[in-house]
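A.B. asks:
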Amino acid sequence: MPLQVIGCEVVPQLLARLMAEARVVAPHRRTGADQWAYAEVRDPCEVELEYISTVLPAKKYAFPPVEQLVRYELAERPLMEAVVESEPLVIFGAHPCDIHGLWALDQAFCDVNVDPNYTAHRSGMRIVGVDCVPDEHCFCGSMGTATPAEGFDLFLTVVEGGYLVEIGTEAGAAMLDGLPTQEASAAALAQAKERLARRIQQTTRVSAECHSLPLLLSGLADSEQWGEHATKCYSCGTCNLVCPTCFCFNVIDRMALTLDRGTKEREWDGCMLEEFSKVATGENFREEREDRLRHRFYRKYSYLFTKYGRPYCCGCGRCVRQCLVHIDPVEVLNDLIAEAEGRRS
Amino acid sequence: MKPRVGMFAFTCCEGCGLAVIECENELLDVLSLIDLVEWREGLSEKANPPELEIALVEGSISTHADEQKLKAIRERAKVLVALGACAHTGGLNALKNRYGMNQVKQMVYGEAGAQFDTIPARPLSAVVPVDLFLPGCPIDRTEFLSVVRDVALGKAPRLPDYPLCVECKKKENVCVFFQGRFCMGPVVRAGCGAICPTHGDGCEACRGLVSHPNEQAHKETLAEHGLKVDEVLMHFNMFNSYQEDQPA
Numbered sequence: 025m026p027l028q029v030i031g032c033e034v035v036p037q038l039l040a041r042l043m044a045e046a047r048v049v050a051p052h053r054r055t056g057a058d059q060w061a062y063a064e065v066r067d068p069c070e071v072e073l074e075y076i077s078t079v080l081p082a083k084k085y086a087f088p089p090v091e092q093l094v095r096y097e098l099a100e101r102p103l104m105e106a107v108v109e110s111e112p113l114v115i116f117g118a119h120p121c122d123i124h125g126l127w128a129l130d131q132a133f134c135d136v137n138v139d140p141n142y143t144a145h146r147s148g149m150r151i152v153g154v155d156c157v158p159d160e161h162c163f164c165g166s167m168g169t170a171t172p173a174e175g176f177d178l179f180l181t182v183v184e185g186g187y188l189v190e191i192g193t194e195a196g197a198a199m200l201d202g203l204p205t206q207e208a209s210a211a212a213l214a215q216a217k218e219r220l221a222r223r224i225q226q227t228t229r230v231s232a233e234c235h236s237l238p239l240l241l242s243g244l245a246d247s248e249q250w251g252e253h254a255t256k257c258y259s260c261g262t263c264n265l266v267c268p269t270c271f272c273f274n275v276i277d278r279m280a281l282t283l284d285r286g287t288k289e290r291e292w293d294g295c296m297l298e299e300f301s302k303v304a305t306g307e308n309f310r311e312e313r314e315d316r317l318r319h320r321f322y323r324k325y326s327y328l329f330t331k332y333g334r335p336y337c338c339g340c341g342r343c344v345r346q347c348l349v350h351i352d353p354v355e356v357l358n359d360l361i362a363e364a365e366g367r368r369s
Numbered sequence: 690m691k692p693r694v695g696m697f698a699f700t701c702c703e704g705c706g707l708a709v710i711e712c713e714n715e716l717l718d719v720l721s722l723i724d725l726v727e728w729r730e731g732l733s734e735k736a737n738p739p740e741l742e743i744a745l746v747e748g749s750i751s752t753h754a755d756e757q758k759l760k761a762i763r764e765r766a767k768v769l770v771a772l773g774a775c776a777h778t779g780g781l782n783a784l785k786n787r788y789g790m791n792q793v794k795q796m797v798y799g800e801a802g803a804q805f806d807t808i809p810a811r812p813l814s815a816v817v818p819v820d821l822f823l824p825g826c827p828i829d830r831t832e833f834l835s836v837v838r839d840v841a842l843g844k845a846p847r848l849p850d851y852p853l854c855v856e857c858k859k860k861e862n863v864c865v866f867f868q869g870r871f872c873m874g875p876v877v878r879a880g881c882g883a884i885c886p887t888h889g890d891g892c893e894a895c896r897g898l899v900s901h902p903n904e905q906a907h908k909e910t911l912a913e914h915g916l917k918v919d920e921v922l923m924h925f926n927m928f929n930s931y932q933e934d935q936p937a
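Taken in order, these protein sequences are the chains called A and B.
For the working numbering, add 24 to where a residue sits in the first sequence, where the first one is 1.
For the working numbering, add 689 to where a residue sits in the second sequence, where the first one is 1.
1. Identify each residue in the segment 908–919 of chain B for which the Cβ-Cβ distance to at least one residue of chain A is less than 8 Å, and report them in chain order.
2. Helix, strand or coil, according to DSSP, for residue 745(B) in the structure here?
3. For residue 855(B), which residues of its own chain have a beta-carbon under 6 Å away from its beta-carbon, when the five flanking residues on both sides are left out?
4. Which chain A residues are close to residue 721(B), counting only those with a beta carbon under 9 Å from its beta carbon?
5. Taking the runs of the alpha helix (DSSP H) that are 4 residues or longer, which of them lie wholly in the segment 26–106 of chain A?
6. When you compare only the Cα positions, how much space is there between residue 805(B) and residue 920(B)?
7. Which bits of chain A does residue 901(B) rub up against, with CB to CB less than 8 Å?
8. If you measure between the beta carbons of residue 121(A) and residue 169(A), is that distance less than 8 Å?
9. Using the three-state DSSP reduction, which class does residue 285(A) fall into: helix, strand or coil?
10. Under 7 Å Cβ-Cβ, which residues of chain A neighbour residue 715(B)?
11. Let me make sure I understand the geometry here. Which of 337(A), 346(A), 285(A) has the alpha-carbon closest to that of residue 863(B)?
12. Given that residue 290(A) touches chain B, what residues does it touch there, using C-beta distances under 9 Å?
13. In chain order, what are the residue ranges of uninterrupted beta strand (DSSP E) at least 3 long that sit wholly in the segment 225–287 of chain A?
14. For the segment 83–97 of chain A, list every residue whose C-beta sits within 9 Å of some C-beta in chain B, in sequence order.
15. With 8 Å as the threshold, decide whether the Cβ of residue 79(A) is near any Cβ in chain B.
16. Three or more C-beta pairs under 8 Å: does that hold for the segment 805–817 of chain B against the segment 748–761 of chain B?
17. Considering only the alpha carbon of each residue, which of 847(B), 857(B), 708(B) lies closest to residue 304(A)?
18. From residue 231(A) to residue 361(A), what does the alpha carbon distance come to, in whole angstroms?
19. For a quick check, are the C-beta atoms of residue 706(B) and residue 730(B) less than 8 Å apart?
20. Verify the CB distance criterion: does residue 324(A) have a CB-CB separation below 8 Å to chain B?
21. For residue 820(B), which of 834(B), 744(B), 908(B), 906(B) has the nearest alpha-carbon?
22. Once the 5 residues before and after residue 32(A) are set aside, which same chain residues still bring their CB inside 6 Å of it?
23. Where does the unbroken alpha helix (DSSP H) through residue 144(A) begin, and where does it stop?
24. Taking CB distances under 8 Å as the criterion, tell me whether residue 266(A) reaches chain B.
25. Which of helix, strand or coil does DSSP assign to residue 325(A)?
26. Rounded to a whole number of angstroms, what is the C-alpha to C-alpha distance between residue 794(B) and residue 700(B)?
27. Select from 932(B), 908(B), 903(B) the residue whose C-alpha is nearest the C-alpha of residue 255(A).
28. Measuring straight from C-alpha to C-alpha, what distance separates residue 243(A) and residue 898(B)?
29. Going along the segment 35–65 of chain A in order, which residues come within less than 7 Å of chain B, judged by CB to CB distance?
30. If you measure from the beta carbon of residue 370(A) to each beta carbon in chain B, is any gap under 8 Å?
31. For residue 690(B), count neighbouring Cβ atoms within 10 angstroms of its own Cβ and tell me buried if that reaches 16, exposed if not.
32. Where does residue 290(A) land, buried or exposed, given buried means 16+ other C-beta within 10 angstroms?
33. Which complete beta strand (DSSP E) runs does the segment 710–738 of chain B hold, if anything under 3 residues is left out?
34. Answer yes or no: does any C-beta atom of chain A fall closer than 8 Å to that of residue 785(B)?
35. If contact is defined by three or more beta carbon pairs under 8 Å, each pair taking one atom from either stretch, is the segment 265–282 of chain A in contact with the segment 291–300 of chain A?
36. DSSP three-state label for residue 332(A), please.
Right under this line is the structure:
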């Protein structure tokens, strides 16, 4: 099917149709600051698709911050049942970086031990992506995540008077059934191409090719720069929590006061938090801030990159936007790249 | 046998005791776990047994009489839990320690102040060994209930030892600093559900600092957002001004 274009006025119609069948979430502006968050759409006309990234990524729907896994009752015949919930959900307006983030979670949760809770959330989920205008913290151009090759049902790119629509799945094609669309003109295709090129160009740059990062980092575990960058780190875990590709969690037993029933819940955890790598004897494998900072960078740009073939960073810049002490992954990577080049020469 | 529990209050507003009374839906379940035998604020009768399994103590120690009473409670109790900011860090009460005791009495009571016995306010741990603490001003009800359950089960309760920012991020709150105000969250122990930032205020650090706070980074953050040195210290000191080397 050739690429289609829809007018701006068709977007509310598309939303209304989706809302009749599923819960639809889209970015909403938060009061009090120039920040955004995914929230349920109440009125199809209120959705704005021009926004800077949300505080939390779309992962909060596939892997909620707190989630019940197991419910149990202690009786003569004890009961233990898995809690797996799912609902039809449309994420409307996901940026390419967010779509890549979900790809990363898909690998982590479905690679060897398939996670039933995650897959239940994901199987009910449809994605309508939209392209964006980068700000100074975006670096998707360096991570190869500026445009999604897959992982969406529809993807909208702004063109004059409306959106160029890429159809990613059959479900995506069905979303457009009966809506007024027209075949994309050569001019619209050129505009979309130009918009993508400009987006990649505008993003902040990492000063080495992305695929060279794992090898480059392998020689830098002893760099003094980890300590220098970590001096100002709070170890507050903000970068973990807002990261679309971070997936670590802790499981908590919550027994009722009556001691006859309870639940097991998982909640987001993060490798930057001091207790994360503390084990039963009190030993902490990453006791110092710099150990934790280094570990996070190695996870993103080396270990998981090597394992799954793409960086575990989608270049969205959420971590630096939310970091009160401005620890910027691009700056840290560029300092390390400069050191690696210096060591080589 | 259910553990015998007493609740006691020293210098404080007894708001932590009130928070326990407010656990209305859960109080009967709590009483199925413990035997509450002594509590001036919450019980009309008291048993006064010579031995207690658990003593829950709120308030800081700010008179010589308090000191003697607390030592007596410690002798009676197997486990002593400091309840709330006053008992845990000295809380707001320790703000008076920066003045002379005569000056403080004069400021509050005028000439009538001379008759009062007052000494610099201290957290319980400065007077007797404390086994556990429940932070906050006031304590968090949910946390109280889970600690009671754990202690009754003979299990060590776990309090979060990560900054409040974790709870703000999970709730997707807009950072207080980005709203042009100030917050102690990045260095403060979580566990309250970030209640103040969630309702539009900055965190005042009533739960005390995490084990390894990056205080220097936070001083710089506060300064970057426009605070002068003494204003930065005010934020740090409101609930956490007690110093161990202060004279008793």
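Yeah, the Cβ is synthetic: ideal placement off N, Cα and C, and Gly gets one too.
C.D. replies: Taking the definition as stated:
1. 909, 910
2. DSSP places residue 745(B) in strand when its eight states are reduced to three.
3. 879
4. Contact annotation for residue 721(B) against chain A: 281, 282, 283 [CB-CB distance below 9 Å, chain order].
5. 34–45, 83–86
6. 32 Å
7. 259, 298
8. yes
9. strand
10. 281
11. 346(A)
12. What residue 290(A) touches in chain B: nothing, since even the nearest Cβ is about 12 Å away.
13. 273–279
14. 84, 89, 90
15. yes
16. yes
17. 847(B)
18. Roughly 7 Å between the two C-alpha positions.
19. yes
20. no
21. Per the C-alpha coordinates, the member of 834(B), 744(B), 908(B), 906(B) positioned closest to residue 820(B) is 744(B).
22. 186
23. 140–147
24. yes
25. In this structure, residue 325(A) counts as helix in the three-state DSSP scheme.
26. 15 Å
27. Per the Cα distances, 903(B).
28. 36 Å
29. 54, 56, 57, 59, 61
30. This structure cannot speak to residue 370(A), because chain A is shown only from 25 to 369.
31. exposed
32. buried
33. 724–728
34. It does not; no Cβ of chain A falls within 8 Å.
35. yes
36. Helix at residue 332(A).
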